[in-house]
Structure formats: structure tokens, C-alpha cells
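K.L.:
Residue numbers (the numbering used here), protein chains in the order written: chain A, 6 to 118; chain B, 6 to 118. Glycine included, each C-beta is placed from N, C-alpha and C at the ideal position. Would you mind keeping the following structure in view while I ask a few things?
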């Protein structure tokens, strides 16, 4: 069976700026005990997901398109682009933002540890 | 922490044609009990992953780029493109191939049910 991705939009995610568009690959129900989110996230220029923490789960970001600014648990700032993986370990904080002039896209998978 | 995707290449995957390039987001060790593969798969023109089955796990494909031919468990043939999700249920067979003139890319996540 083939179906389409499912778009949801949210404002001020984790106190971030603007709108976060998420194109879901799986629903939370389909992921079951594995995790709670799997989708492609699009941040338009100026948009961000604010500083937040994951406990008992992880959320690797995999960059597909554009340029973003990733801040890790140690407040280290990384400019990330296609092919980069932002690694989040259990209990760590992070944020991500698009300070560029083009859309920034990445895959997000939140899975249980 | 930020790191790069990890490329592996394999020939004749599931008796398919040509080379399958997989850019891994997570290692098998990082996925732990969640699953065993998470990465971006690139099939160049003429390449394919042959007919195979998943038992006790699922593997949604999420198409990022190009056009591919997905054959599901009922032998139904779908032409798929960006934004399409190929759903595989427990115990089902499937195959995927690139019969186009451009590279075909999708995210693959094999997770336990």
C-alpha cells in the first residue's frame, strides 16, 4: 500500500520562532512502543525549534536540504547541512534554527532508548 | 555532537540489480532494540532491491527524490515520488526499483513491531 505523507503545522515549538511544518511518515500509533515521531521537518527562513530536552528517548536529526544552526547540550553551535547527523543523547538539551535565506529540511525520529 | 552520515554500498540486494547505496543516520548499535536500519537509500537508474519479506518488523519507505516502482505484497505496482510512503505490514513482501533516468532516493527505517 502507498499513501501520502501527513502534514501538521505548529507555532512556537518549544518556544521557538515561527511555524514548524512536519510531514509525518508514520503516525504515533504505527510507531507503537518504538517511539513517537518520524517525519520530515521544514523550517522556513527565520523559524526555529527552541531549546528543549529529551529524557528516556533520543532524536537524531538528519539534514536533507539547506543550512541550519544546531546548538547541542554543551551550547556548542554547529552550522549543519545535507548529510549531517545531529546526535542527541538521553537527557540532553538542544535547539535548531534556520538563519539562512532558504528553507531548511531534516528528518526527525524520536525513539525510545 | 554532529557527525556525518555513513555510506555503505551493496550489490544485488535481495537479488536486485546493480548497487544500493545506503547513507546511514544511525548504526545498528545506536538503534538497539528499536530496529536495525535507518538511512537514506539511493538507487541509481536501473538499480533495484529485489522481492523480499519482513517478519516481526516493518520498513516504511519515504520517498525524497526521483521516481521509483514499488511492488507491494499483493503484487500491485505503484509509481512513487516525493512525499509518498510505502507501507509494509508484518509478514509482507515487497520490492522497489528505479526504472527512470534519474537517481531515486528514499528514507528506509526498519523497526521492530
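Are the region 82-91 of chain B and the region 6-23 of chain A touching, with three or more C-beta to C-beta distances below 8 Å?
P.N.:
yes
K.L.:
Taking DSSP's pairing of strands, which residues face residue 31 of chain B in a bridge?
P.N.:
Locating residue 31 of chain B in the second chain gives position 26, counting from the first residue. Note: residue 31 of chain B sits in a beta bridge opposite B:43.
K.L.:
Smallest Cα separation from residue 103 of chain A: which of A:112, A:63 and A:50?
P.N.:
Within the first chain, the letter at position 98 stands for residue 103 of chain A. Cα-wise, what sits closest to residue 103 of chain A is A:50.
K.L.:
Taking C-beta pairs closer than 9 Å, name the residues in chain A that residue 52 of chain B reaches, listed in chain order.
P.N.:
Against the second chain, residue 52 of chain B aligns to sequence position 47. Going along chain A, no residue has its Cβ under 9 Å from residue 52 of chain B, so there is no contact; the nearest lies around 20 Å.
K.L.:
Throw me the rounded Cβ distance for the residue 34 of chain A and residue 114 of chain A pair, which I believe falls under 8 Å.
P.N.:
Stepping through the first chain from its first residue, residue 34 of chain A is reached at position 29. Stepping through the first chain from its first residue, residue 114 of chain A is reached at position 109. About 16 Å; that fails the 8 Å criterion.
K.L.:
Rounded C-beta distance between residue 109 of chain A and residue 72 of chain A? I'm assuming under 8 Å.
P.N.:
The residue labelled residue 109 of chain A in the question sits at position 104 within the first chain. The residue labelled residue 72 of chain A in the question sits at position 67 within the first chain. That pair is a contact at about 6 Å.
K.L.:
So with CB distances below 9 Å, who are the chain B contacts of residue 80 of chain A?
P.N.:
Residue 80 of chain A sits at position 75 when you count from the first residue of the first chain. Within 9 Å Cβ-Cβ: nothing; residue 80 of chain A doesn't reach chain B, min ~13 Å.
K.L.:
Can you confirm whether residue 73 of chain A, when its beta carbon is compared against all beta carbons of chain B, has any partner nearer than 8 Å?
P.N.:
For the purposes of this step, residue 73 of chain A is taken as the residue at position 68 of the first chain. Answer no: the Cβ-Cβ gap between residue 73 of chain A and chain B never drops below 8 Å.
K.L.:
Return helix, strand or coil for residue 20 of chain A, following the three-state DSSP convention.
P.N.:
As a position in the first chain, residue 20 of chain A is number 15, starting the count at 1. Helix.
K.L.:
So which of A:42, A:98, A:48 and A:10 has the shortest CA-CA distance to residue 24 of chain A?
P.N.:
In the first chain, residue 24 of chain A corresponds to position 19, counting from 1. Answer by Cα proximity: A:48.
K.L.:
Which value, in whole angstroms, describes the spacing of the CA atoms of residue 70 of chain A and residue 57 of chain B?
P.N.:
Taking the first residue of the first chain as 1, we reach residue 70 of chain A at position 65. Taking the first residue of the second chain as 1, we reach residue 57 of chain B at position 52. Their backbone Cα atoms lie some 31 Å apart in a straight line.
K.L.:
Alpha carbons only, please: which of B:26, B:59, B:42 and B:41 is nearest the one belonging to residue 78 of chain B?
P.N.:
Position 73 of the second chain, counting from 1, holds the residue named residue 78 of chain B. Closest by alpha carbon: B:59.
K.L.:
So if I threshold CB-CB distances at 7 Å, which residues from the region 14-27 of chain A count as touching chain D?
P.N.:
No chain D appears in the structure shown, which is made up of the protein chains A and B.
K.L.:
For residue 118 of chain A, does the three-state DSSP call read helix, strand or coil?
P.N.:
As a first step, residue 118 of chain A is located in the first chain; it is residue number 113 there, counting from the start. Residue 118 of chain A falls in the coil class under three-state DSSP.
K.L.:
Jot down the residue ranges of each uninterrupted beta strand (DSSP E) in the region 51-82 of chain A, minimum 3 residues, whole runs only, in chain order.
P.N.:
53-58, 66-70 and 73-76
K.L.:
Could you tell me whether any Cβ in chain B is nearer than 8 Å to the Cβ of residue 9 of chain A?
P.N.:
Taking the first chain and counting its residues from 1, one reaches residue 9 of chain A at position 4. It does; some Cβ of chain B falls within 8 Å.
K.L.:
Using only the alpha-carbon positions, how far apart do residue 61 of chain B and residue 40 of chain B sit?
P.N.:
The residue given as residue 61 of chain B occupies position 56 in the second chain. The residue given as residue 40 of chain B occupies position 35 in the second chain. Straight-line Cα distance between these residues: approximately 10 Å.
K.L.:
Measure the beta-carbon distance from residue 67 of chain A to residue 46 of chain B and round it to whole angstroms, keeping in mind my assumption that it falls under 8 Å.
P.N.:
As a first step, residue 67 of chain A is located in the first chain; it is residue number 62 there, counting from the start. As a first step, residue 46 of chain B is located in the second chain; it is residue number 41 there, counting from the start. Not confirmed; about 13 Å, so no contact.
K.L.:
For chain A, check one thing: does any of its Cβ atoms lie closer than 8 Å to the Cβ of residue 89 of chain B?
P.N.:
Counted from its first residue, the second chain places residue 89 of chain B at position 84. Taking Cβ atoms only, chain A reaches closer than 8 Å to residue 89 of chain B, which makes this a yes.
K.L.:
Take the Cβ of residue 27 of chain B as the centre, count every other Cβ of all protein chains shown within 10 Å, and call the residue buried at 16 or more, exposed below.
P.N.:
Position 22 of the second chain, counted from the start, is the residue given in the question as residue 27 of chain B. Residue 27 of chain B is buried by the Cβ-count criterion.
K.L.:
If I measure Cβ to Cβ from residue 112 of chain B and keep anything under 6 Å in the same chain, skipping five residues before and after, which residues do I get?
P.N.:
Along the second chain, one-based indexing puts residue 112 of chain B at 107. 45 and 67, listed in sequence order.
K.L.:
Going along chain B, which residues have a C-beta under 7 Å from residue 98 of chain A?
P.N.:
Looking up residue 98 of chain A in the first chain gives position 93. Ordered by position in chain B, no residue passes the 7 Å Cβ test against residue 98 of chain A, which lies about 13 Å from the chain.
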